[in-house]
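Residue numbers (our numbering), protein chains in the order written: chain A, 61 to 573; chain B, 1162 to 1601. From the three backbone atoms N, C-alpha and C, an ideal C-beta is built for every residue, glycine too.
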């Protein structure tokens, strides 16, 4: 079976846009949604918290029920039981359940895109891409797990029979982010499920309803209730999940600080724990786009705008630095500054929006502090009826400025002038992160040089640096950007399994039998 | 995919099509004795046989304006040729370009070659500079439409500059045209250059952004008595370009001028329905100068197919060349039948498409006051000469701009010219006139 990416909505057609707005209207009539904890057979209530529309915080998108440490303990206990059964199901049966879940997401795609528009403040094209990527992950990992189930060929010598196969690791805790509220949750959960692991999912507190939509689809597709648990909540639940000695694998996407805490906590082996926890972490970046003197600036400007400001820069892959050759730096900076004024800041549901609000008030304040820490070269518009931040361009800041060094996760781009591509590569090497990177050059030798030298996990040449597609751009980086999991790539599932080799002696009474 | 209707006009067209096509072919300038022309033809044949070398050379042409020194020119040329190493021709060329002593001459030849190529397609750096070439065409009885090339518009000041260049061109050409009473002033404009706000998902933004500038140009065109033609671009922008153009031309102040028009792309599968829309609008919007529709095949075929494939969409364009050619003929007939409600321009280098439109126009007795042919400067010069020689009205589409701005245009035209399914390539490689004139 060959994999193909789910087709995106053709939103350039008026009829498709109209359908999308109808789906939004239908969703709005149902708000707020209810997101209880799902622990095995039990639908559990708890202290209620709200997720809101970042473009109009008065609109409550969901009422979610907060998991405590006790709920985590209950869910992990249920998952241990569930794991025993789920891991023994034939791989084909598990894959079929994921495929059915993908079909369910596909049948609800407009509604789910509308939900991401409302709950995460994702503009339509991004929200739609989120739904498609969720479908892609389910399909891709279902197919990948089937292939993995066949094991790998080994050397065979006379008198012995060697086999290697892959088995599920154990209960998997998934801590999912809000920025790809459907896709990343679906990807991390489905990779664990496809390979036979029971899952406890703790989604970001900002987007519980999106997570529930994914969990509902998987349950409806045939994943047993005790193989997949949903625990909306905050730090307490996340920490308890990481600390629980019955958890074998922790899959995390989020900030670098949180990821490092998880790695540290997961390394503690408590009495009674008889395994080493594995952490699969994707932790953000400080992504730079190198622009050489032979770049076509007509291509560079739109690509930088999209990479830095789409979804208000709230992607791990987003560009936050442009390292521009001196020969073209002035011209590019001037055009970028002018282009900043063309960006419309507005609610995610408006098709004309270029820069939506950021996720919450904490993010808004954090980004505003960065913007206030230096003098911007240019700034776009902003508004005050949601968590808005003006798209902002800096130029020529010192190398140790926080704007240049730290991950801001907002619509902020810093332009630095470099003497050469080598110089730009030195700067990239000096960063803590190595997630994505970009290069604009029309020299084959320069492209080869940077491809070979740069440490980033995903290098994009002569295009925007966001929008990795499942099966086409396996995603994830090194250094402090994470453990290099390469989601959506052929190796991802290997992190969710243990390999077991069995060697049988086939010699009896001196004869090979 | 909806194939265009197979309807044929009741009268037999094939006989006059063959007659007109054969006469046009006979009137195309004979293969020239000039060595440059022979070299050019050999080059074109070579490029068609060797896709890797073709890719390398086009990438070089693309990057050439960004190279600031001779060493930079040579480095790029050498690297690009080395990349095309599966091609024997490219390897030999790379070896020559890479020799140290050869650096300066190779760079000079490469730089000059690109400049000369560009000059075949581009009539001047600006309107003033292009007057020599334009008036030469006017003297030969050939009409022109001028297209101002430039960098992409990403800021408002860039949009303002493009508008200003358009206004200057209109005034400069109008001034020069006073000496040529039989000729007109005609400018083609690009909405994507008039605003940085075109968004495929939000056509209203591009419309709002471009509206004041296009309105200004319509006013200038009206004032100087020029024709303003709005070019069509990629499918992403078709809705915005169409809606904006029709909306402005519906305003009472433009009912009595200027003469204006839009483009219909025959490679779009839904172009017949789009033409219905244009006809409906024209019927309901009386104008002193009939609305002009330029029929083209469409110049963004690769872009449309790549974009659609990467997004999982059905391409908006015909993927079968013959289906596209049949649609072109169907639309030609519908347009000719719609005169004098609209004026029409058949823009093609395909001898069959041209002969077909001419034969049908003759059959319907539609004359040059309602009907003209258009060709691209540089690519369609022979066709233009033949059409003019047979007394048919022909207009040359003349790009104006500097070397940097001209590169994207040049690469596009060269790629078209040497593509395997290109009509010009077939004509150049010796396909017989009879074959070229076969019904698609």
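Three-way DSSP call (helix, strand, coil) for residue i in this model
{"i": "residue 1403(B)", "result": "helix"}
{"i": "residue 382(A)", "result": "strand"}
{"i": "residue 270(A)", "result": "helix"}
{"i": "residue 74(A)", "result": "helix"}
{"i": "residue 1560(B)", "result": "strand"}
{"i": "residue 1481(B)", "result": "coil"}
{"i": "residue 1570(B)", "result": "helix"}
{"i": "residue 289(A)", "result": "strand"}
{"i": "residue 1504(B)", "result": "strand"}
{"i": "residue 474(A)", "result": "strand"}
{"i": "residue 1282(B)", "result": "helix"}
{"i": "residue 247(A)", "result": "helix"}
{"i": "residue 358(A)", "result": "helix"}
{"i": "residue 94(A)", "result": "strand"}
{"i": "residue 107(A)", "result": "strand"}
{"i": "residue 1352(B)", "result": "helix"}
{"i": "residue 1262(B)", "result": "At residue 1262(B), the pLDDT of 44 sits below 50, so the modelled position is not reliable and the matter cannot be decided from this model."}
{"i": "residue 134(A)", "result": "helix"}
{"i": "residue 374(A)", "result": "coil"}
{"i": "residue 143(A)", "result": "helix"}
{"i": "residue 1584(B)", "result": "helix"}
{"i": "residue 1469(B)", "result": "helix"}
{"i": "residue 253(A)", "result": "helix"}
{"i": "residue 116(A)", "result": "strand"}
Span separating the alpha-carbon of residue i from that of residue j
{"i": "residue 488(A)", "j": "residue 270(A)", "result": "35 Å"}
{"i": "residue 1359(B)", "j": "residue 1374(B)", "result": "14 Å"}
{"i": "residue 99(A)", "j": "residue 1403(B)", "result": "55 Å"}
{"i": "residue 515(A)", "j": "residue 320(A)", "result": "20 Å"}
{"i": "residue 1289(B)", "j": "residue 1556(B)", "result": "19 Å"}
{"i": "residue 210(A)", "j": "residue 157(A)", "result": "19 Å"}
{"i": "residue 161(A)", "j": "residue 1225(B)", "result": "51 Å"}
{"i": "residue 350(A)", "j": "residue 526(A)", "result": "15 Å"}
{"i": "residue 1526(B)", "j": "residue 1500(B)", "result": "10 Å"}
{"i": "residue 1566(B)", "j": "residue 1472(B)", "result": "29 Å"}
{"i": "residue 535(A)", "j": "residue 379(A)", "result": "15 Å"}
{"i": "residue 554(A)", "j": "residue 314(A)", "result": "21 Å"}
{"i": "residue 1223(B)", "j": "residue 1568(B)", "result": "6 Å"}
{"i": "residue 557(A)", "j": "residue 232(A)", "result": "11 Å"}
{"i": "residue 310(A)", "j": "residue 137(A)", "result": "16 Å"}
{"i": "residue 1384(B)", "j": "residue 391(A)", "result": "36 Å"}
{"i": "residue 550(A)", "j": "residue 200(A)", "result": "9 Å"}
{"i": "residue 1313(B)", "j": "residue 1232(B)", "result": "28 Å"}
Chain A contacts from the region 1215-1240 of chain B (Cβ-Cβ distance under 8 Å): Listed in sequence order: 1220, 1223, 1224, 1227, 1228, 1229, 1233, 1236, 1237, 1240.
So, do the region 509-516 of chain A and the region 215-229 of chain A have three or more beta carbon pairs nearer to each other than 8 Å? Contact between the region 509-516 of chain A and the region 215-229 of chain A is absent, because fewer than three Cβ pairs lie under 8 Å.
Kindly confirm or deny that the region 1354-1372 of chain B and the region 1411-1427 of chain B touch, where touching means at least three C-beta pairs closer than 8 Å. no
Which ranges would you report for the alpha helix (DSSP H) in the region 1402-1447 of chain B if only whole runs of at least 4 residues count? 1432-1445
Within the region 398-448 of chain A, note down every full alpha helix (DSSP H) run reaching 4 residues or more, in order along the chain. 421-432
3-residue-minimum beta strand (DSSP E) runs that sit fully inside the region 499-570 of chain A, ordered along the chain: 518-521, 557-565, all fully within the region 499-570 of chain A.
Evaluate the contact criterion for the region 1282-1297 of chain B versus the region 1330-1346 of chain B: three or more CB pairs, one atom per stretch, below 8 Å. yes
Residues in the region 1467-1478 of chain B having any Cβ partner in chain A nearer than 8 Å: Those would be 1472, 1473, 1474, in chain order.
Three or more C-beta pairs below 8 Å linking the region 1541-1553 of chain B and the region 1509-1518 of chain B: Yes, the region 1541-1553 of chain B touches the region 1509-1518 of chain B.
Near-chain A residues of the region 1348-1382 of chain B - C-beta to any C-beta below 7 Å: Within the region 1348-1382 of chain B, the residues whose Cβ lies closer than 7 Å to some Cβ of chain A are 1357, 1358, 1360, 1361, 1362, 1363, 1365, 1366, listed in chain order.
Using a Cβ-Cβ cutoff of 8 Å, what residues of the region 1304-1325 of chain B are near chain A? List them in chain order. 1312, 1313, 1315, 1316, 1317, 1318, 1319
Minimum length 3: unbroken beta strand (DSSP E) runs contained in the region 451-495 of chain A: Annotation note: the region 451-495 of chain A contains the following uninterrupted beta strand (DSSP E) runs of length 3 or greater, listed N- to C-terminal: 452-455, 472-478.
Within the region 317-364 of chain A, note down every full beta strand (DSSP E) run reaching 3 residues or more, in order along the chain. 338-342, 347-351
Return the residues of the region 1384-1402 of chain B that lie within a Cβ-Cβ distance of less than 8 Å from chain A, sorted by chain order. 1396, 1397, 1400
Identify every run of the alpha helix (DSSP H) within the region 157-230 of chain A, keeping only runs that are complete inside it and at least 4 residues long; order them along the chain. Counting whole runs of 4 or more residues, the region 157-230 of chain A contains the alpha helix (DSSP H) stretches 169-180, 184-209.
Going along the region 1421-1437 of chain B in order, which residues come within less than 7 Å of chain A, judged by CB to CB distance? none
Per the contact definition of three or more C-beta pairs closer than 8 Å, is the region 445-456 of chain A in contact with the region 465-475 of chain A? Taking a cut-off of 8 Å for Cβ pairs, the region 465-475 of chain A and the region 445-456 of chain A touch, as three or more such pairs fall below it.
For the pair the region 264-282 of chain A and the region 230-248 of chain A, tell me if three or more CB-CB distances fall below 8 Å. yes
Report yes or no: do three or more beta-carbon pairs, one from the region 1483-1502 of chain B and one from the region 1445-1465 of chain B, lie closer than 8 Å? yes
Contact set between the region 488-515 of chain A and chain B, restricted to residues whose Cβ is under 7 Å from the partner: Across the region 488-515 of chain A, CB contacts with chain B closer than 7 Å involve 502, 503, 504, 505, in sequence order along the chain.
Would you mind listing the alpha helix (DSSP H) stretches within the region 1278-1339 of chain B that are 4+ residues and don't spill past its ends, in chain order? 1288-1300, 1317-1338
Taking 8 Å as the cut-off, does the region 367-376 of chain A touch the region 80-88 of chain A (at least 3 CB pairs, one atom from each stretch)? no
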